[in-house]
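Let me begin by presenting the structure, written as C-alpha cells, before commenting on it.
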Amino acid sequence: MKLPRLKRKTVTEASLSFTFTRRAMVVGGLQAGIGAMLIGRMAWISVAENEKYNLLSESNRVNLTLIPPRRGWILDRNGRALANNRTDFRVDLIPERVTDPEGTLRSLAHLLALAPDEVERIRTELDKAPGFRPVQVAEKLTYDQFAAVSVRLPDLPGVAPSQGFSRYYPTGSTVGHLLGYVGAASAKDYEKRKDPLLITPGFKVGKEGLEKWFDLELTGKPGAKRVEVTARGKIVRELTTRPDAPGNAVKLTIDAGLQDYAGRRLGAESGSCIVLDCLTGEILCMASMPSYDPNNFSDGISHDEWDMLSSDERHPLINKSLNALYPPGSTFKPMVAMALQSAGVDPKERVHCPGGYRLGNRFFRCLGRHGSVDMHRALAKSCNTYFYTMGNRVGIDVIARMGHAMGFGEKFDLPVSSQSYGTMPDTAWKMRRYDQKWTASDTLNASIGQGYVVVNPLQLAVMAGRIASGRNIQPRLVKGRYPEAPFMPFPKEHFDAVRGGMWEVVNGDGTAGRSRLDLPGIQMGGKTGTAQVRKIAGSQRGQSGAWKYRDHGLFVCFAPTSNPRYAASVVIEHGMGGSRAAAPVAKDVLTYLFDPAKAMARLEELEKGWGGPPAERMERQMAAYRLAKAIKKGEVVPKPADASEAENSANAAASANVSETADNPPPQRDPNREAGR
Amino acid sequence: MSIIPQPLTEFPWRVLGILLAIAGFGTLVLYSAASGSITPWAINQAVRFVIFTGMAFVISRVPLELFARFAFPAYGAVLISLVLVELIGGVAGGSQRWINLGFMQLQPSEFMKPIIVLAVARFYALLPVGEIRRWTAIWPALVLIGVPWALVLVQPDLGTATMIAAGGVTVMFLAGLPLRLFVGSGLAIAAIIPIAFSFLHDYQQKRVLIFMDPESDPLGAGYHISQSKIAIGSGGIWGKGFLKGTQSHLDYLPEGHTDFVFATMAEEWGLVGGVFLIGAFLLLFRWGVGVSLRTQDKYARLVAAGLTTTIFFYVAINLMMVMGLAPVVGIPLPFMSYGGSSMLTVMLCIGIIMAIERSTRRGGRKPGSWG
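Those protein sequences? They're chains A and B, same order as listed.
Numbering that gives the first Met the number 0 puts the last residue of the first sequence at 676; the count rises by one with no breaks.
Numbering that gives the first Met the number 0 puts the last residue of the second sequence at 370; the count rises by one with no breaks.
Structure below.
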C-alpha cells in the first residue's frame with residue numbers, strides 16, 4: 000500500500016540523514032525548552048509564591064493550642080473580690096483518643112473518687128461530644144489526685160490532665176443570683192461566635208447574671224502554646240508560649256460584706272433584701288435567697304443537684320430581687336400618701352375609722368378600729384380606712400401617676416438580662432388588659448397595695464430611697480462617678496409628712512416598734528406590709544396552714560431618719576407579716592452598715608438556731624435529697640434516724656410541680672380582696 | 000599523540016562526572032529524607048549506583064551489532080513477560096505490574112521503555128530508504144508500539160504506557176516520517192482525550208481531576224500534589240538548609256524518598272538546588288543528543304536520540320508531576336528517587352549510549368552495514 004501524495008518527494012540516504020540531524024536538534028531544543036520551563040515553574044512556586052507556601056508549611060508544622068485567659072475579677076465597691084480565680088488542676092477526656100471508654104472511666108472514677116452520678120454525666124457527654132472536643136472529667140483536683148492521674152497516662156489514652164484557673168466566689172451562695180455563674184460554652188455559643196477559644200478545655204463563659212452581662216469584658220485575651228507536630232499529630236517539641244492576658248475587672252457598687260450579711264440574715268427564709276444609697280441610687284446589696292452556690296455551678300452541676308434546686312418550692316434558681324413579683328400590701332402606702340398630697344389632700348385632715356369602709360353595699364375591712372386618724376397616724380397604724388377614703392377621693396389615675404414617679408411598673412437601666420417590672424394599674428390599663436371599666440372597689444384595693452398591683456423588691460427599695468431623699472435616684476450596679484441624683488418635683492413638706500409617718504411606724508406607736516435600731520443616735524423610718532397570696536377562705540387569714548398559702552411579709556425603710564442615706568426593702572415570702580418577718584431582717588442589715596460587729600454577733604446567734612451558715616445547710620439538704628432519691632429508687636433502706644429528714648426532702652421534690660410560684664404570681668382576678676395590714 | 004594513554008582519553012569522563020553529580024546529590028537528599036541517616040535509603044542507593052554504573056560500562060563494551068541483532072528478540076521476550084504479568088502477576092496498589100521471580104520482583108514494563116526504542120529504531124534501520132514515505136513505514140512501527148502500550152495501559156499503569164508510546168513515537172519522528180502525520184495525529188489526540196478520559200479507571204480519573212485542581216481535595220487524593228508544592232514553594236531560593244526540611248521530616252510530604260524526592264530536595268536546597276539538578280540533567284541530554292548527532296550509523300543514532308529522550312521523559316514527567324503540572328502517575332526521578340528498577344533501566348540506556356559513543360570514536364563502520 001502506498002501513500003501517493005507522499006511519494007512525490009524523492010528520499011535519499013543523505014536527505015534522511017539531514018532530516019535526522021534537523022529533527023534531533025529540534026528534540027534537543029524541546030528538551031532544553033521544557034527544562035527551562037520547569038525551572039521557570041519552580042521559580043514561580045518558590046520565589047513568587049514563596050510567602051504563601053511558607054505560611055502553609057508553617058501551618059502544617061506548627062500546632063497552636065490556646066491557653067484560656069484568666070477571667071477578670073468582679074470587685075465590690077471597696078475592691079474586695081466577689082469573684083476571682085483559683086489555681087486549678089483538672090482532667091479532661093479527648094473522646095477520639097479514648098480507646099476503651101469503660102475501662103478508662105473505671106480507673107478515673109477510682110483515682111479521683113468520682114460520684115456515680117458524675118460518672119454518668121461523663122458517660123453521656125462522652126457519647127454526645129464530637130471527637131475533638133474535650134469532655135471534662137473533674138476540676139479543682141488536689142495536687143495528689145492530679146499526680147495520680149498523670150503518672151498513669153501511658154495506660155489511659157485520651158486522658159488529658161492540665162493545670163489552669165477556675166472561677167471562685169469566696170462568699171458562695173449569697174452572691175449566686177447577683178453574679179450568676181460561669182460554665183463551658185454551649186454548642187450554640189460556638190455556632191454564633193465561631194471563636195476556637197470557646198471549645199478550649201477549661202474555658203468558661205458567663206451563663207447568668209453579671210457574669211453573663213459583662214462576659215466579653217471579663218474575658219481576656221487567650222495565650223497560645225505553639226508546638227511542632229508531625230503529620231500524624233505527634234508532638235516533636237514546644238516552640239514558644241505566649242502568656243494570656245487576663246480580662247478586665249468589673250467594679251460594682253455592691254458592698255461585699257453587706258451582701259453576704261444580707262444573704263445569710265435571710266437565713267432559711269425565701270426572700271429578698273436590697274439596700275441602696277438613697278443619694279446616688281448605688282445598690283449596696285441585692286440578696287435573694289435561697290440561692291445556688293455558683294462555685295458548684297461553675298464545675299458543671301450534677302443531675303441530682305439540679306433536680307433538687309429546680310424542684311424546691313422556695314425556688315433557689317430565681318432571683319427574687321428582680322424576677323419575682325409581689326403585691327406590695329401596705330408598703331405601698333407611703334407612695335399613696337405622696338399621691339394624696341399631690342392631689343391636694345391636707346395631711347392634717349382626719350378620717351374616722353370604724354373598722355372599715357362602706358362602698359355601696361360592700362364593706363371593706365380595716366384591721367382595727369383606729370378612730371380618728373390623720374395621714375401621720377394612718378401610716379403609723381397602717382389604717383386601711385384612711386387610704387380607702389382618700390384613695391377613692393383622688394382616684395386611681397393620680398395614684399398611678401405618683402406610682403410611676405416612684406418607680407412602680409418601671410424597668411431600670413441595669414446590667415441584668417431580665418427584670419420583671421410588674422403592674423401599676425390605672426383606668427386605661429384595665430381597659431386595655433381586661434376590656435373592663437375601672438371601678439371604685441379597684442381603687443380601694445389598689446390604695447392599700449392589693450388588687451392588680453404587683454411590684455418587684457427592687458422597685459420597693461427605689462420607692463423607699465426616693466421618698467427618703469426626695470431625689471429621683473436610679474439604681475446602679477456598676478461603680479462609677481455618679482452625681483447625687485436631682486430632686487423630685489414634689490414639695491419638701493409632702494416628703495416630710497410621709498417620712499414623719501414612717502418614723503412613727505418604727506420609733507413611735509407603730510406597727511414595727513419591735514424593730515427599732517439599737518444604735519445610739521440612729522433611727523430608721525419604715526413601713527410594714529403583709530400581702531395576701533390568695534383569697535381569704537373563711538377564718539383562715541393567711542396566718543396559718545400550708546407554707547405556700549401564707550401571706551408575704553414586706554418591709555421598706557430608710558436610715559438615718561435625721562439625714563437619710565440608706566434605703567432598703569425586705570420581702571419574706573409567706574413570712575405571714577411585715578413586722579414579724581421582714582422588719583427584723585431590715586433592722587439587722589441596717590445595723591450592719593453602722594456597727595458590723597454588733598450585727599454579726601446577732602447573726603451568729605441566729606444561725607446557731609438555723610443549723611449553721613448557708614453552705615453547711617445546703618450540703619445537708621443535698622445529702623438528704625440524695626438519700627431520699629435513693630430510698631425512692633429502692634437502692635437504700637432508710638434508717639430510722641434519716642427517714643424523717645429524707646421524707647421532707649422527698650416531699651419537697653414531689654410538690655414542685657404544684658407549687659404556686661412567686662415569680663409568676665396568679666393574676667389578681669378578685670377585686671373583692673380584703674385588707675393587708 | 001597525547002601523553003595520556005588512549006583508554007583514558009576514551010573513557011567517558013564527562014558523562015561519568017554528570018552521573019556522579021546527580022547520584023551523589025540524590026544520595027545526600029536520601030540521607031536527609033531518612034532524618035540524617037545513611038540507612039535505609041542512602042547507602043542502598045549508593046551501592047546500587049556503583050553496581051549499575053559498572054554494568055553500564057560493561058554494556059558500553061558490547062559491540063553495537065549485538066544490540067541491533069537482539070532488538071527484536073528482546074522486544075519479543077519483554078512482550079511475552081508483559082502478557083505473563085497480565086496472567087499471573089501480583090497486584091500492587093490497584094494495578095498489576097509485577098512478576099515474582101522468587102529472588103526479585105520483576106517489572107517487565109520498566110524494560111519495555113528502552114527496548115521499544117531499540118525495536119522501533121531497528122525497524123527503521125532495516126527499512127529501505129525509499130519506503131520511508133509509504134504506509135509500510137508507519138503501520139509496523141505503530142503495531143510495535145501499540146501492543147506493549149495497550150498491555151501496560153490495562154495493568155493499569157498510565158505513566159509507563161505514556162513513556163513507551165512517547166519513546167516509540169520519538170524514534171518515528173527522528174526516522175524521518177512526514178511532519179504532517181505528527182501534527183495531524185497530535186490534533187486528533189487532542190480531540191480524542193475527552194473520550195479517552197471516560198475510559199480511564201476511577202482512580203486515574205480522580206488523579207487527573209485532582210491534578211487540575213489539587214486544592215479541591217487537599218486531604219484526600221490531592222494531598223500529594225498540595226504537599227509537594229508546599230515543600231517546593233516553602234524552600235524559596237536558597238532552601239531551608241540541609242536536614243532542615245519540615246515537610247519531609249515531619250511526614251507531611253508523602254513518598255518523599257521515591258516519586259516526590261525532588262520536593263524533598265527543593266525544600267532543603269531551594270531553587271538553587273533545582274536549577275543545579277535540572278541543569279545537570281540537561282547536560283546529560285545534551286551529551287546523549289550529541290552522541291546521536293555524531294553517529295553516522297542510522298540505527299545507532301536513532302537509538303542514542305531515542306534513549307536520551309526516554310531518560311528525558313522520566314525527568315520531565317516526574318518534575319511536572321511534582322510541580323503540579325501533570326497528574327500523579329508514578330514516574331520516578333532517575334538517580335534521585337529511591338528504587339532499583341528505574342535506576343537499572345536508566346543505566347541500561349546510558350550504557351547503550353556509551354557503547355554508541357565508543358563505537359563512533361573508534362571510527363565506526365559504514366552506516367547501515369549491519370542490515
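The beta carbon of each residue, even a glycine, is placed where N, CA and C say it ideally should be.
Between Arg-76 of chain A and Val-588 of chain A the beta-carbon gap is near 16 Å, outside 8 Å, which marks them as no contact. It is roughly 20 Å from the alpha-carbon of Asp-550 of chain A to the alpha-carbon of Gly-509 of chain A. The shortest CA-to-CA distance from Arg-579 of chain A to any of A:Leu-605, A:Gly-528, A:Pro-563, A:Pro-595 is the one to A:Gly-528. Listed in chain order, the non-local C-beta contacts of Lys-586 of chain A below 7 Å within the same chain comprise Ser-514, Leu-516, local neighbours out to five positions each way being set aside. The C-beta of Val-204 of chain A comes no closer than 8 Å to any C-beta of chain B.
Lys-112 of chain B does not reach chain A, its nearest Cβ partner there being about 17 Å away, counting only Cβ pairs nearer than 7 Å.
Per the coordinates, the alpha-carbon of Thr-239 of chain A lies some 49 Å from the alpha-carbon of Leu-199 of chain B. Taking one beta carbon from each stretch, the stretch 470 to 480 of chain A and the stretch 240 to 257 of chain A have 3 or more pairs nearer than 8 Å; the two touch. Scanning B:Ala-20, B:Gly-240, B:Val-151, B:Val-128 for the CA closest to the CA of Phe-110 of chain B turns up B:Val-151. Here the C-alpha atom of Ile-316 of chain B lies approximately 12 Å from the C-alpha atom of Thr-308 of chain B. Taking a 10 Å sphere around the C-beta of Val-158 of chain A, we find 16 or more other C-beta atoms and assign the residue as buried. Contact with chain B is absent for Met-288 of chain A, since none of that chain's Cβ atoms lies less than 8 Å from the residue's Cβ.
DSSP places Phe-213 of chain A in no beta strand (DSSP E); its state is neither H nor E. In this structure, DSSP gives Met-288 of chain A an extended state, which the three-state scheme calls strand.
At a cut-off of 8 Å, the C-beta of Asn-62 of chain A has no neighbouring C-beta in chain B. The beta carbon of Trp-148 of chain B lies closer than 6 Å to those of Ala-160, Ile-163, Ala-164 in the same chain, with the five residues before and after it left out. Using a 10 angstroms sphere on the CB of Leu-86 of chain B, the tally of other CB atoms stays under 16, which defines it as exposed.
CA-CA distance, Pro-490 of chain A to Met-405 of chain A, rounds to 15 Å.
The beta carbon of Val-288 of chain B sits closer than 7 Å to the beta carbons of Ala-304, Thr-307 from its chain, once the five residues preceding and following it are set aside; these are given in chain order. Annotation for Asp-441 of chain A: the continuous alpha helix (DSSP H) segment containing it runs 439 to 446.
Secondary structure at Glu-606 of chain A: helix, using DSSP grouped into helix, strand and coil. The C-alpha of Leu-178 of chain A lies about 6 Å from the C-alpha of Glu-210 of chain A. Residues of the same chain with a CB within less than 7 Å of the CB of Gly-329 of chain B, apart from the 5 flanking positions on each side, are Gly-158, Asp-258 in chain order.
Pro-485 of chain A is a Cβ neighbour of Asn-471 of chain A, given a cutoff of 8 Å. Straight across, the Cα-Cα distance linking Met-285 of chain A with Val-181 of chain A is about 19 Å. The criterion of a C-beta distance shorter than 8 Å is not satisfied by Glu-312 of chain A and Lys-139 of chain A. Cβ neighbours of Leu-324 of chain A within its own chain (closer than 6 Å, five residues either side excluded): Ser-419, Gly-421, Val-453, Asn-455, Pro-664.
Any Cβ of chain A closer than 8 Å to the Cβ of Phe-259 of chain B would place that residue at the interface, and such an atom is absent.
Boundaries of the alpha helix (DSSP H) harbouring Ser-341 of chain B: 339 to 360, taken from the DSSP string.
Per DSSP, the beta bridge partners of Leu-92 of chain A are A:Val-134, A:Val-158.
The C-alpha of Gly-273 of chain B is placed about 22 Å away from the C-alpha of Leu-249 of chain B. Here Arg-498 of chain A is near Thr-560 of chain A, since their CB atoms are less than 8 Å apart. Under the Cβ distance rule, Arg-236 of chain A does not count among the residues neighbouring chain B, no pair being separated by less than 8 Å. Pairing Asn-83 of chain A with Arg-89 of chain A, the inter-Cα distance amounts to about 18 Å. The three-state secondary structure of Arg-166 of chain A, taken from DSSP, is strand. For Ser-59 of chain B, the enclosing alpha helix (DSSP H) has its first and last residue at 41 to 59.
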